[in-house]
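Written below as C-alpha cells is the structure these notes are about.
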Amino acid sequence: MWAIVEIGKKQYKVKEGDILKVERIKNASKEMVVDKVLFSCENEKIEVGRPYLKNWQVKTEICGEGKEKKVIVYKYKRRKKYRKKQGHRQIYTLLKICNIVRIPNSEEKEEKDVLLSAN
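With my numbering applied, the sequence shown corresponds to residues 1 to 119, in that order.
Take a look at the structure:
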C-alpha cells in the first residue's frame, strides 16, 4: 500500500516504513497525523482525491531534525569590485511513516451493520 500526501505544500509518495526528509515542522509533537492524502493505492484498488481523500490518514512519527548541506550563493558584477558570498542551510524534519489508514465513515458503518443484521 502506498499513497501521495501533501506536507508543507510539497507532495511525497509514501509507504509504510519510509523515512521522509521534509521542511521544518514547527511545534510538532512526537507523533503527527497527515490527513491531506491526494492518492492511495491499496493492492490493485486506486483512489484519487479531488483534491483530498476524506477517509484516509497517514500516521507518522518524528525522528529528529537537522540541517542540510550548505548552499553557497555568490553574486558578482564585473569591473565594479562587487562580490557578495552568502551561505544557507535549510532546516529539515525527519518523519517515519508508521501506517496508512482508511477510516470508515458513518455510511460504510451502517452498510456493514445492515449486512450483519441481514445474515
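Backbone N, C-alpha and C define an ideal beta-carbon position, used for all residues, glycine too.
Which residues does DSSP list as the beta-bridge partners of Y76? R83
By DSSP, does S29 sit in helix, in strand, or in coil? Correct three-state label for S29: coil.
Do the segment 59-71 and the segment 36-45 make contact, defined as three or more Cβ pairs closer than 8 Å? no
Identify every residue that forms a DSSP beta bridge with R102. BP columns for R102 point to W56.
Using 8 Å as the cut-off, can you tell me whether the segment 1-10 makes contact with the segment 22-30, which would need three or more C-beta pairs spanning the two stretches below that distance? yes
CA-CA distance, I91 and A28? Each residue's alpha carbon lies about 14 Å from the other.
Grouping DSSP H, G and I as helix and E and B as strand, with all else coil, what is K36? coil
First and last residue of the beta strand (DSSP E) that includes K10? 10-15
Less than 8 Å between the CB atoms is what I'm expecting for I100 and E16, so what's the real figure, rounded? 6 Å
Assuming E23 is part of the beta strand (DSSP E), what are its boundary residues? 19-23
Using the C-alpha atoms, what's the distance from D18 back to H88? 27 Å
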